[in-house]
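**Student:** Numbering-wise, the sequence shown is residues 1 to 387 according to the UniProt record's numbering.
My questions all concern the structure below.
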Amino acid sequence: MKQIPYARQDINQEDIQAVLKVLQSDWLTQGPAIQRFEEAVAAYCGARYAVAVSNATAALHLACLAAGLGPGDLLWTSPNTFVASANCGLYCGAEVNFVDIDPQTYNMSVDALEERLVQAAKSGRLPKVVIPVHFAGQSCRMAEIRKLADQYNFTVIEDAAHAIGGSYQGKKVGACQFSDMVVFSFHPVKIITTGEGGMVLTNREELYEKLLRLRTHGITRDERFMVRTKEGPWYYQQIDLGYNYRMTDIQAALGYSQLQRIDEFVHHRRYLANRYDQMLKDLPVTLPWQDPETYSAYHLYVICLHLNQLQKSRKQIFEELRAAGINVNVHYIPVHTQPYYERLGFKAGDFPKAEEYYREALTLPLYYGLSEEDQDYVIERLEEIIR
């Protein structure tokens, strides 16, 4: 039986040769491929600076640290995300809370955010950092979030792990037009991959300099930041408590090679998403709604089952599709319902829109290498199972 994953990487001969070239060079870890990859991603997105790191979770953590998040501070994010979007605040010793989602886009609701900010201002407990998550590759309403950030004085970190290659209001996600920092993921299921890897983009030089130090143990070789006179060419100083969150040259070479095909990857994902839209429109499901101000990178294609019209549960549908070799998935279990977060005081019912979405959500296969024949098979089996 054929097996169709929900997502997978696409590696070609050019990617392999790029990695092989690094393996045969003098640099495997901290070499020239990293800076080349950073500069290429920054140029592609229209940002001034980029800092490559070991994974997107590390990128989120470093972005929070660079923003000065710490004990006594608050971080708000979406409950419809992977746990890393919230965990990064806890790593800094901050308190984490959530803002419910928009039922059309499944992104953070701007209306809910504004309502919570009004109440938080009254109680004197405003967030220091807000992390809107570009779910499935579609940007949040960043212009409106920026206005709220300016009004209520919080740092905006875009969790764009799903969204490299996408656009908002005609500019690439990653341009930092309406945010202080943007985080990308290069996990194999994402738009482009470095195996594991992440990146933080910013237009602010002071954040860039801090991110560079924090990814390498808080160490600097730049005399501008040293507290004592430099003793010689070998000399460095640790001036922050940083981490070993570095990317390797091997990964960066793969990422740079993959970046050359990013528009091709996104274009084909959007083509496949449009085929789903056309061929699923008569089924009892809700298809992904697209905000006209956005151009989604379509990391995921998520449908919501109209369970009140079906004779089967989502679990039954999920299991039957898996049995047919279609490895569907579910994105995401609301973070606040995870046992760890329940122990922090959250409970079911706290964010009803995210919970309602989760009960019906089902992620169908979508990736660059998905053939029309395999996509047709997915559609035929899905229709057969839910009919």
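Glycine residues also receive a C-beta, built at the ideal position from the N, C-alpha and C atoms.
Can you find at least 3 beta carbon pairs, one from the region 332-348 and one from the region 34-44, that sit closer than 8 Å?
**Tutor:** no
**Student:** Let me make sure I understand the geometry here. Which of A361, I192 and D277 has the alpha-carbon closest to that of Y256?
**Tutor:** For this step, residue 256 is matched to residue 256 along the sequence shown. Nearest to Y256 by alpha-carbon distance, out of A361, I192 and D277, is I192.
**Student:** Residues in the same chain with beta-carbon distance under 8 Å from C64, minus the five sequence neighbours each way, listed in chain order, please.
**Tutor:** Along the sequence shown, one-based indexing puts residue 64 at 64. Counting only Cβ-Cβ distances below 8 Å, and skipping sequence neighbours, we find L75, C88, G89, Y91, C92, A94, V129 and I157.
**Student:** What three-state label does DSSP hand E95 in the structure shown?
**Tutor:** Stepping through the sequence shown from its first residue, residue 95 is reached at position 95. Strand at E95.
**Student:** Along the chain, where does the beta strand (DSSP E) that runs through A273 open and close?
**Tutor:** As a first step, residue 273 must be located in the sequence shown, where it is residue number 273. Taken as a continuous stretch (DSSP letters only), A273 belongs to no beta strand (DSSP E), being part of the alpha helix (DSSP H) at I262 to L280.
**Student:** Thinking C-beta only, is T216 closer than 8 Å to L28?
**Tutor:** Locating residue 28 in the sequence shown gives position 28, counting from the first residue. Locating residue 216 in the sequence shown gives position 216, counting from the first residue. T216 is positioned such that its CB atom lies no closer than 8 Å to that of L28.
**Student:** At what residues does the alpha helix (DSSP H) containing C45 begin and finish?
**Tutor:** Taking the first residue of the sequence shown as 1, we reach residue 45 at position 45. Per DSSP, C45 belongs to the alpha helix (DSSP H) from P32 to C45.
**Student:** Can you pull the DSSP bridge partners for residue 388?
**Tutor:** Here the chain comprises residues numbered 1 to 387, so residue 388 is not present and cannot be evaluated.
**Student:** Are the region 160-167 and the region 221-237 in contact at 8 Å, needing three or more beta carbon pairs?
**Tutor:** no
**Student:** Helix, strand or coil for N87? Go by DSSP, reduced to three states.
**Tutor:** Reading the sequence shown from its first residue, position 87 is the one you call residue 87. DSSP places N87 in helix when its eight states are reduced to three.
**Student:** Counting beta carbon pairs with one atom in the region 192-212 and one in the region 172-182, are three or more of them shorter than 8 Å?
**Tutor:** yes
**Student:** Mind checking which residues open and close the alpha helix (DSSP H) that includes Y358?
**Tutor:** The count along the sequence shown starts at 1 and reaches residue 358 at position 358. Per DSSP, Y358 belongs to the alpha helix (DSSP H) from P352 to E360.
**Student:** In the DSSP assignment, find the beta strand (DSSP E) that holds I303 and state where it starts and stops.
**Tutor:** By 1-based counting over the sequence shown, the position of residue 303 is 303. Y301 to L305 is the extent of the beta strand (DSSP E) around I303.
**Student:** Just to confirm, are Y44 and N80 a CB contact at a threshold of 8 Å?
**Tutor:** Taking the sequence shown and counting its residues from 1, the one referred to as residue 44 is at position 44. Taking the sequence shown and counting its residues from 1, the one referred to as residue 80 is at position 80. No, the Cβ-Cβ distance between Y44 and N80 is not below 8 Å.
**Student:** Measuring straight from C-alpha to C-alpha, what distance separates E144 and G197?
**Tutor:** As a working note, residue 144 is residue 144 in the sequence shown. As a working note, residue 197 is residue 197 in the sequence shown. Here the alpha carbon of E144 sits roughly 30 Å from the alpha carbon of G197.
**Student:** Got a sec? Which residues, its chain only, sit under 7 Å from Q238 by beta carbon, not counting five neighbours each side?
**Tutor:** In the sequence shown, the residue the question calls residue 238 occupies position 238. Once the five neighbours on either side are set aside, the close Cβ partners of Q238 are H217, G218 and I219.
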